[in-house]
Structure formats: C-alpha cells, structure tokens
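As numbered in mature numbering (1 follows the signal peptide of the UniProt record, and there is no 0), residues -33 to -1, 1 to 662 make up the sequence shown, in order. Idealized CB from N, CA, C, for every residue including glycine. As the structure is a computational prediction, the values presented were derived from the model and not from experiment.
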Amino acid sequence: MRSIRTIRRSALTAGLTAATLVLSTLVAGPAQAADAVYDPVLETPSQSRLGLVLTEYASFPQSSPIPAPTDQRLMRTARINTIMELPDGSGRRAVPDLNGHLYLVRDGVPQVYLDVADTFAPQFFSGRGLGQGFGYVAFHPEFGTNGRFYTIHTEQASLATKAPDYAQANSIFHGVITEWTATDPAADTFSGTRREVLRIGFAGQVHGVQEINFNPTARPGQRDYGVLYLAVGDGGTGVRNTEPQNLGMVHGKLLRIDPQGTDSANGQYGIPTDNPFVGRAGALGEVYAVGFRDPHRFSWDPATGRMFLGHIGEHAIEAIYEVRAGDNFGWSEREGAFVFDKTGSACDKLLPLPADDAQYGYTYPVAAYDHNPAPGWNCTGDVGVAVAGGFVYRGNELPALKGKYVFGDLVDGQVLYTEANEMRRGHDPATIHRLALFNAAGESVRMQDLSGPGAVGNRERVDLRFGTDAAGALYLLAKANGKVWKVTGTREFADGDVGGTKLHKPSGPESWTPVTPSKWQFDRDEVILAEAGVSRPGPRRPFEYAVVTDGPEWSSVEIEADVRLDTPVEVSNRDVIIVFGWRSDTEFYYAHLSTDNTILPHNGIFKVNNADRQRLDYQWNGRSRGANPAIVDADWHKVRVVHLPATGEIAVYVDGKKDPLMTAKDTTFGSGRVGFGSFDNIGRLRHLTVTGTPA
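Put into structure tokens, the structure is as follows:
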C-alpha cells in the first residue's frame, strides 16, 4: 500500500467550510492512548524512468549573511530563494538573495535591482536562522503600469525602530512586509518610494514569513485578483504551545490581505470580505488557513486554480497540502495525518488518529514522505530532510511533464513529482515519484553533481528551490553554488538501444559456471541455487553465484528473467542477485533484490572492483532506506536489468513495471558476462533471455 500508515480517509473531513471549524482556538481533545508510530510513511518515493534535462541558466555572486553566522548551513555561495518572471512582458526574471540583494535577470545575466539589506541597515538581519533575511518578493499583477512590488525581510527586534503589529511574547525578530513603488517600472535599477505594510514579531529565529505571493491564475474582476497571500510560520514555538491553532494570532497561518486597502488594524492594508474568518469573534480577519508549522512554499495550478503548499515537518512528516479557505492543517495537534504528542518523549511524538478525529475538522496531506532517520538517531537532532514546494507544470514545451506537480527535498536535492490529478483530498495520498536528472550533455547526474562545484560549505547540501516563468517553464536553484538551471527537456533513463543479439534460456551445467558447483541444480529451464553460500576470502562480495558461459561477453545488455526466493519469508534479509559486467570473481556489478531495504548492503545496485562491494544506486538515502523492497514473498517475479556502458546507466525493473525500482550510473566495466546468485540465501531463476551487443 502506498498510503500513510493508519489514515482513515473515509472519516477525514476534506473540504470543510470555515463554518464547521471550532471557534477561536482550534485545539483537539486528548488523543486516545495508542502506541507511537515510528515509520509513518511505509514506502519511499518510487523512481521514475522520466528524467529532466537541466541547462545552466544563471550564476550569482558570493553573498554573506549579516552578521557573520555561527551555523555553517548558512555558508552558501548565494542564498537565492526562487526565480519568477516580472508580470510586465519584459521577459526579466527576479531572484531574491536572503543576504539582501534583489536581482533582475535578463537573458541569464543577473544584476542588482535593489539592495534590501542596505536599505534597512542596521536592523536588517540574515545571520541566524535558515530563513532569515530578504526572503521573498512578489510583483503586483499590474507592476508594468503601477510599479508596485512587495518584499519580506527580517529585522533584529532589539534594533527595530517600530513596534510589530502582531507579535509573539518576547519577540526577538520582526518579519516586515514592505510595498515598493518604482518610478519607472521598466528600469533595471530601482528608484521610487516604499511604505511598510505589516510587521510581525517572532519569538524564535526560524519559521518566519516564508513566502508572499499573488495568485497568478486570478484575472481582473475576480475576487483573488491583486490579493496578497502570506505564509507565516510559528516562529519555532508551536512545538510547545497552541498558537498555530489560535485564530487571534497570525503565527502558523496563511494570511490573505488586500495591500491597497485600509481597514486593517494598522490601516496599511485591507481585509478581503470573503476571507473565511471575517466577523468571527476572537478571530483575525486576515487569516485564510490555520495550523502550520513552517509553510515553506505555495503555488497555484494554472489549469485548475488549485493551491498547493509544501509544509516542512517537525518530527517526521514532509507534506504537500491542497489549501482552501478555512482549512485547518492541525499543527501542533497534528503532524501530517498523525496526532502530535507535545508531552511525549522525544521519540514517541506521533500517534494514530483517534476514532473521533472527524469532529476536529483537520485537513490532511495530499502527498507526504517521512524522514527515515539513521539507526541510533536520538530523536532530537536534525535528520536533514525538508520539503521544497514546487509547481504544477502546464507548459507546452515538455508534454511528458504535463500535469505533474514538481517539487523536491531542499537538503539532498531529490527532485520529485506527483500527478496533480492524484492529489485528492479525502483519498490516499498521491504516489511520489523521484525524477532522474540529466545535464545539458545528456549525462545522468544528481543535484549534488550540479550544485557541488563551487559550493561554499557542505557540498552535499543542495539547498534546492524551484521557480517558474510566464510560459510555465521550470527552474531549479541551489544556494550551495548560487546557480539556476532551466528544465529544457525530458528523457527516459537507460532508454538507449542495447543491440539485437539474443541468448535465449541458457540452461544446464554446461551453460553456467558456479562458484561452488555442488550447491547448484539445473532442472530444465530452472537454474537453482539449492544451498546457501558462505563467505569467501577476498573483498566483501556475494557468497555464491553462477555466470553464463554460453555465448559472448556483453557490452550494452538487457537481462530478463523470472526469479524466486526459496528462503522462508520470515527471514527479513533474504536476497537474490543478478550479475552483469562480470570480468572476474572480484570485478563485476550486481543488482541485489531483497526483502529488506534498511541497511546499506541490501536492495541496491553494487560494484565489486577488487575491493569490498560499493553501493551505486541513486535510491539509497545515505542513512537508512533504499528502494522499496524488491521481493517480499515466495512467488516468481519478473526482473529486467538494463546496462548501457557508454553512458554508465543501469536500471533494474521488477514485475513488468514501466518505472525502474533502482537506477545507477557507473562506467567502470564496459563489458562482461551475466549471472545469478545470492549472498547467503537460496533461490532460483528461469526463462532467462539476454539481449545486447557482444563485446
């Protein structure tokens, strides 16, 4: 099953109107006693055969946090947060850098349009907290004629000259929304006026105002046209209190305001009359949706107008929500579709939903993945997982992407997608797919390969963000080295021609050379490893296997066969392997097909090169999870392995699925023989067909 554990979707109340929500402070009663949930999302994102071709679009200069940071995660080349096209027909793109510069990019060349840090010095602050500084910019849909745009920046409360309009107790930072009016909207350097719209005080240095934006699908005369949305985090304090549920506070909310109105408490903006909580006792009219921890990025589907928001979790859940007026997403009574126990121990935070959950009116994710921490995690440190919200692609240039919501993980740079039509409230969460990535030369890469060169700080941390332009094209940004890539094409992983030479059903002992012949049986078309192998001297590698000695060695090759595990299903670490590129007993590749995917040696693609086996596949998360288990029963399973030595691409398919279970890239071995075996289990193979190019 692909759904989040314990969800009772029939009982969930998607699409609740504001009138059905509990008044003022929306806090659920005590959860029923239940065992803690430690693996809330059972499946990892599945690998897609579809890949994005990324072409470098722009590169930004080194910038520095103010003051100098103590957190090395802030040491990046340029802390660029998004890219967007100005709504004036000029083709210019805007890019904000948290450290203070607003850039305009024309034909891939950036120049400073406005220095936000200098404008608000010495109060401006970007040196503590991952989201502090100049976080975002939003251009009014009529910017080309009225010159208006809006920014969010952070100030140190002790230096601020103004009191916040709304604040948490003991605020130490202010998030400030500013309206700017350019004298000449067509100019490439700002000149004009500014005014403060809203100032919010936060008691912590994280989870401030993350994004501000206008709905680009709204047209003049429609209720959403020219209305500004603000994603306001909980200041990092919601984990200990109920403020995200308090309708009398702006913290942990999505706000919706009219920047040209005047009926707010401070008189600097208006409150749309169709906001869901307008007129409700004890509620702020600005509030559009409730119950957020860190509402990181949001966007609208150009085709349907549906609003999707990427929400960074606390303990385990990275979520995508569909947002509607009056929604309550539950934090900090819920994390994703689980009870969040603020009083429980550090490791026992998530509990199943209570039987009476429907009465509280929470809305749950339409897609989610979890943290899968390393064994021995103390449940308090940062696992290094955080969702980066994205966009539904509706452009015309890349039909393979049509209707896909493309997003990712901002830390390790995984680029993911779900089908927008599968993200349905009140249903099982949509399947999350991991996209393959290729550089402009068509070579398979990871984001770390693109963001690492020239990176300041941790090269493995991508700090991924997404953007789009007026034509709907997608862009990927990395703070690591301050670069932006445009998605210029799509292609499928390992889709090259392997050649037309066939070897069909080699069987019998004369066709195979086992490591230990006495452990093998040959019964018509079946090749049977009847006795488990044992460890052998030399590098760590599969204990027992047999290679096909019929026919040639293969360069490009496709291997198809049925395999079965004969080790009892009660054994968790059972496996069989498909060998390819075999040159010698200490030089070959193998695909490890296992019931277990929780440790480094299991369920992956590996290389033995006169040293202990090395894991190659893209699916291993570096700490605790690989591809979803390949074989969990005692049935026959169809396996297909494709190896293209010219590009190094390797793909492993199971049970006829169109998408690979595992993928890897390695160019060490350009040819070799194929085979079958196991580490220390028993199993069998039948219907083997090898198609390829003889070496």
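Collapsing the DSSP output to three states places F116 in a strand. Within the same chain, and ignoring the five residues on either side of R264 in sequence, the residues whose Cβ sits closer than 6 Å to its Cβ are E178, G277 and G356. Looking at the DSSP output, A325 sits in no beta bridge, so it has no partner there. Per DSSP, reduced to three states, the secondary structure at T204 is coil, with no helix or strand assignment.
CA-to-CA, the gap between G293 and V530 works out to about 52 Å. Annotation: N388 to V575 spans about 43 Å, alpha carbon to alpha carbon. Restricted to the segment 37 to 93, the alpha helix (DSSP H) segments that are unbroken, complete and at least 4 residues in length are 83 to 86, listed in chain order. A buried status is given to Q135, since no fewer than 16 other beta-carbon atoms sit within 10 Å of its beta-carbon. With fewer than 16 neighbouring CB atoms inside 10 Å of its own CB, G409 falls in the exposed class.
The beta carbon of G456 sits closer than 6 Å to those of V20, all from its chain and outside the five residues before and after it, given in chain order. When the beta-carbon positions are compared, A662 and E554 stay at least 8 Å from each other. Following the DSSP letters along the chain, one finds M274 inside the beta strand (DSSP E) bounded by residues M274 to H278. The segment 342 to 355 and the segment 295 to 310 do not touch, with fewer than three beta-carbon pairs separated by less than 8 Å.
Membership of D416 in the alpha helix (DSSP H) is indicated by the continuous run M414 to S418.
Out of T204, V482 and H282, the CA that lies nearest to the CA of V546 is found in V482. Taking 8 Å as the cut-off, the Cβ atoms of Y329 and N295 count as close. In this structure, T118 lies away from A447, with their beta-carbon atoms at least 8 Å apart. Here DSSP, grouped into helix, strand and coil, assigns A367 to helix. For the set P239, P183 and R260, the Cα lying nearest the Cα of V199 is the one of R260. Annotation: the continuous beta strand (DSSP E) that includes Q177 extends over V176 to F181. The C-beta distance from P211 to G203 rounds to 11 Å, too long to meet the 8 Å contact threshold. In this structure the segment 109 to 126 touches the segment 84 to 95; the number of beta carbon pairs closer than 8 Å is three or more. DSSP lists S26 and A445 as the beta-bridge partner residues of K450. The way I'd put it, the segment 28 to 46 does touch the segment 57 to 67; three or more beta-carbon pairs between them come closer than 8 Å.
Comparing alpha-carbon positions, the option among Y557, T128, D6 and P366 lying closest to A88 turns out to be T128. The DSSP-derived three-state label of K605 is strand.
For the 8 Å CB-CB criterion, L655 and A528 form a contact. Residue nearest to S638 within the set D82, Y512 and S522 is S522 (criterion: CA-CA distance).
Each of G98, I287 and R59 was checked against the Cα of Y80, and the nearest Cα belongs to R59.
Buried is the label assigned to K453, since at least 16 other Cβ atoms lie within 10 Å of its Cβ. Residues of the same chain with a CB within less than 8 Å of the CB of V76, apart from the 5 flanking positions on each side, are A25 in chain order. Taking C-beta atoms as the reference points, P7 and D337 count as a pair closer than 8 Å.
Between G228 and G234, the alpha-carbon positions lie close to 8 Å from each other. The three-state secondary structure of G111, taken from DSSP, is helix.
Here P484 carries a helix assignment [DSSP, helix/strand/coil]. Nearest Cα to T150 within the set I167, N182, N113 and R162: N113.
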